[in-house]
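Only one structure is covered here, and it is reproduced in the block below.
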Amino acid sequence: MEEGSTHKNILKSPVLLKYIHDTSSLPKEHEQLKQLREATGQKYDRVKSLMNVPVDEAQFISILLKIMNAKKTLEIGVFTGYSLLATALALPPEGKVIGIDMDREAYETGLPFIQKAGVEHKVNFMQGDALLVLNDLIDEKHEESFDYVFVDADKESYIKYHEMVLKLVKKGGTIAYDNTLWFGSVAMAEDDEMEDSVRHSRKYVIEFNTYIANDTRIESTIVSIGDGVTLCRRI
22 MEEGSTHKNI LKSPVLLKYI HDTSSLPKEH EQLKQLREAT GQKYDRVKSL MNVPVDEAQF
82 ISILLKIMNA KKTLEIGVFT GYSLLATALA LPPEGKVIGI DMDREAYETG LPFIQKAGVE
142 HKVNFMQGDA LLVLNDLIDE KHEESFDYVF VDADKESYIK YHEMVLKLVK KGGTIAYDNT
202 LWFGSVAMAE DDEMEDSVRH SRKYVIEFNT YIANDTRIES TIVSIGDGVT LCRRI
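Numbering (the numbering used here) for the sequence shown: 22 to 256.
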């Protein structure tokens, strides 16, 4: 894995993370996912590249989707499409994933790998503001129709996304929110030393975690993989 990959992993242990990657994640990584990960690292700087989910998290999501037998899914925040491709690979032949992002150029970086993997027919990329696109999906009668939703976008809007996604996911369906441990900063004191970029969104993540913990419409748990993933099941 790329140098500094522990920066977005809550383990904070390079040795343990390397063990997980070497013995479990990397040997089972799909060839097109590997090539997409490497292409993203070559085109973007290290910080930007971290916008894609880590390989072990993508594999966790893949297994989750297969256990669920998910067929209709939604992803908010795509970047170059590592998790989007992992999702498409996990879905059955008739499965579909809608990916929403403002940045078409980044998505097109990953598109050739989606095509080479033979899953382009499962992917519907929608460029635009996620809140507006979600509202359109609600207006177009997609309410309570999605098996699974993955959210990995601006943390300031997580609560707004949650309220809209709850209308779209079916009862018993799953919503996954990425980065909910936010580099471990959620457990730090306000005056602790941290990068400005981390501090900026920290308060929004803390507010979101509290909001989810008190939401009686869902069951939820925080999984300490990657930078923290909150899994929610709509009741």
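Note that beta-carbon positions come from the ideal geometry of N, C-alpha and C, so glycine has one too.
On a predicted model such as this, the values are computed, not experimentally measured, just so you know.
Count the other C-beta atoms from every protein chain shown that fall within 10 angstroms of the C-beta of residue i, then say buried if there are 16 or more, exposed otherwise.
i	result
Asn-156	exposed
Arg-255	buried
His-221	exposed
Gln-53	buried
Pro-48	exposed
Thr-108	buried
Ala-197	buried
Just grab the DSSP bridge partners of residue i for me.
i	result
Tyr-225	Answer by DSSP bridge pairing: none, since Tyr-225 is not bridged.
Met-147	Ile-121
Ala-197	Phe-171, Leu-252
Ser-241	Cys-253
Lys-93	Lys-117
Where residue i and residue j are concerned, what is the direct C-alpha to C-alpha distance, given to the nearest angstrom?
i	j	result
Glu-228	Asp-248	17 Å
Tyr-40	Val-144	33 Å
Phe-81	Ile-88	11 Å
Ile-180	Val-226	9 Å
Gly-116	Ile-239	25 Å
Tyr-65	Pro-35	22 Å
Gly-149	His-42	34 Å
Relative to the ligand NAD, is the shortest distance from any of its heavy atoms to the C-beta of residue i smaller than 8 Å?
i	result
Gly-249	This structure lacks the ligand NAD; in fact it carries no ligand of any kind.
Pull up the CB-CB distance for residue i and residue j, whole angstroms please, since I reckon it's below 8 Å.
i	j	result
Leu-32	Leu-106	Contact doesn't hold; Cβ gap of about 24 Å is too wide.
Leu-112	Lys-137	Contact doesn't hold; Cβ gap of about 17 Å is too wide.
Val-140	Ile-121	The pair is not a contact, with the Cβ atoms about 18 Å apart (cut-off 8 Å).
Thr-94	Val-170	7 Å
Leu-189	Glu-164	6 Å
Using alpha carbons as the reference points, say which of the options lies closest to residue i.
i	options	result
Leu-38	Glu-52, Glu-78, Ala-60	Glu-78
Leu-152	Glu-126, Val-186, Asp-168	Val-186
Asp-175	Ile-84, Asn-30, Phe-146, Trp-203	Trp-203
Thr-195	Thr-251, His-42, Lys-55	Thr-251
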